[in-house]
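**Q** Going by this note's numbering, the sequence shown opens with residue 32, and the numbers climb by one from there.
This is the structure, below, for whatever I ask next.
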Amino acid sequence: MTARIISGNEIAKTVHTEVAEKVTGFKDTNGYAPGLAVVLVGDDPASRSYVRRKERACVEVGIITDTLNISADISAEELMGIVDELNNDDRYHGILVQLPLPDHIDVDNVINGLDPLKDVDGLHSQNAGLLSLGKPRFVPATPLGVQRMLIEEGIEVNGSDVVIVGRSTLVGRPLALLLSQRGRGANATVTMCHTGTQDVASHTLRADILVAAAGVPDTVTADMVKEGAVVIDVGVSRVTDSSRRSGFRLTGDVDYNAVKEKASAITPVPGGVGPMTVAMLLENVVLAAKLQSA
């Protein structure tokens, strides 16, 4: 068996088209476009690259976007002041604070300083709480993108055994909550593995849908995957590759070449979950604009 490749790029195009139509409808009704402010602290290359992709996607669908490039030595108090200004700026319906932040800044304080109705990353305690209650408002974009991929690919989630490797607040935890709820692309039995899990393979081998979100290359190897499972690789890491002009290549958490011979479907890295993360962020921005205009 060789797995069917799930193209996040192709599904993201569909989402972009849908969002562009929603943006046009919103502008026709309200006379202005949804707006997104991105706060980028420091000069981390991966963060800058990701923000550029978000900016391009916003322009493509008609969302107004501005990026605030801020020095890494900004104080926590100064950053909180900027967040407060954005909370009160009607031009921006969504605020995204690009993570990670410098070590001297408390991430939780910054995220919870956001207006929860502008928290398009879905990380504010209020939005995380609503998700845990089964009443989601903003769901983090990567879990939302994973769910949309499963739906678009016709993969049955209802009643399936889903195993997620990784428990981050950005991916693992919210994805477990999302897929275990009632509804389309959900209602699964979900197991979340982490660094304290004994014998991870004993869990992954029973997964109908296996999501690798540990952030460590080759965490999931072929001997950990059930024949015919669907494998979603969320991880993105840079590894040295002297054959590339850049000196590195991107790889996921899954031993792709080996696992694709056992899985029924698999996402590549790059070109899998990454484009869906950006696409679903756009959906959240439009939702935020609608909530604030109601």
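Note that beta-carbon positions come from the ideal geometry of N, C-alpha and C, so glycine has one too.
Counting Cβ pairs, one atom from each stretch, are 3 or more of them under 8 angstroms apart for the segment 256-266 and the segment 284-297?
**A** yes
**Q** Mind checking Asn-189: buried by the 16 CB within 10 Å criterion, or exposed?
**A** exposed
**Q** Tell me which residue opens and which closes the beta strand (DSSP E) that Asn-218 is part of.
**A** Unbroken run through Asn-218: none, as it is neither H nor E.
**Q** Gly-216 and Gln-178 look like a contact to me (Cβ under 8 angstroms); what is the Cβ gap, rounded to whole Å?
**A** 5 angstroms
**Q** Can you name the residues that DSSP bridges to Gly-125?
**A** Bridge partners of Gly-125: Leu-67.
**Q** Under 7 angstroms Cβ to Cβ from Leu-208, same chain only, skipping five residues before and after it: list those, please.
**A** Leu-162 and Ser-163
**Q** Report yes if the CB atom of Asp-284 is closer than 9 angstroms to the CB atom of Val-309, and no otherwise.
**A** No; because the gap between Cβ atoms is not below 9 angstroms, this pair is not in contact.
**Q** Taking 9 angstroms as the threshold (C-beta atoms), are Ile-126 and Ala-107 in contact?
**A** no
**Q** So Leu-209 is in the alpha helix (DSSP H); what residue range does that whole segment cover?
**A** 203-211
**Q** Could you tell me the boundaries of the alpha helix (DSSP H) in which Arg-179 lies?
**A** DSSP places Arg-179 in the uninterrupted alpha helix (DSSP H) bounded by 172-183.
**Q** By the three-class DSSP mapping on this structure, what secondary structure does Leu-145 have?
**A** coil
**Q** Give the range of the alpha helix (DSSP H) segment to which Phe-169 is assigned.
**A** Here Phe-169 belongs to no alpha helix (DSSP H), and DSSP marks it neither H nor E.
**Q** Ignore the nearest five residues each way along the sequence and tell me which others in Gly-197's own chain have a CB closer than 6 angstroms to its CB.
**A** Gly-203, Ala-244 and Ala-245
**Q** With a threshold of 6 angstroms on Cβ separation, who are the neighbours of Asn-100 within its own chain once the five nearest residues in sequence on each side are excluded?
**A** Leu-71
**Q** Mapping the DSSP letters down to three states, classify Ala-296 as helix, strand or coil.
**A** strand
**Q** Tell me, please, which residues DSSP counts as bridged to Asp-264.
**A** Ala-243
**Q** Can you give me the C-alpha to C-alpha distance between Asp-264 and Thr-45, rounded to a whole angstrom?
**A** 20 angstroms
**Q** Please determine, among Val-54, Lys-166 and Lys-291, the residue with the shortest C-alpha to C-alpha distance to Ile-95.
**A** Shortest Cα-Cα distance from Ile-95 to any of Val-54, Lys-166 and Lys-291 involves Val-54.
**Q** Within 10 angstroms of the Cβ of Thr-235, are there 16 or more other Cβ atoms? Answer buried if so, exposed if not.
**A** buried
**Q** Just reading off the alpha helix (DSSP H) that Leu-99 is part of, what are its end residues?
**A** It is not in any alpha helix (DSSP H) - Leu-99 instead sits in the beta strand (DSSP E) that spans 95-101.
**Q** Check each candidate in Asp-74, Asp-59, Ala-88 and Ser-38 and name the one with the smallest Cα separation from Glu-314.
**A** Ala-88
**Q** So, helix, strand or coil for Thr-282, using DSSP?
**A** strand
**Q** Does the distance between the C-beta of Asp-74 and the nearest non-hydrogen atom of the ligand SAH fall short of 8 angstroms?
**A** Among the components of this structure there are no ligands whatsoever, and the ligand SAH is therefore not found.
**Q** Please name the residue, chosen from Glu-86, Val-267 and Val-316, that lies closest to Glu-77 on a Cα-to-Cα basis.
**A** Note that residue 77 is Ala in the sequence shown, not Glu. Cα-wise, what sits closest to Ala-77 is Val-267.
**Q** Give me the Cβ distance between Pro-171 and Gly-144, rounded to the nearest whole Å; I'm assuming they're in contact under 8 angstroms.
**A** About 18 angstroms; that fails the 8 angstroms criterion.
**Q** For Leu-322, count neighbouring C-beta atoms within 10 Å of its own C-beta (all shown protein chains included) and say buried if the count is 16 or more, exposed if not.
**A** Per the 10 Å Cβ criterion, exposed.
**Q** How is the beta strand (DSSP E) around Asp-192 delimited, first residue to last?
**A** 192-196
**Q** Could you check the C-alpha separation between Arg-275 and Arg-269 for me, to the nearest Å?
**A** 12 angstroms
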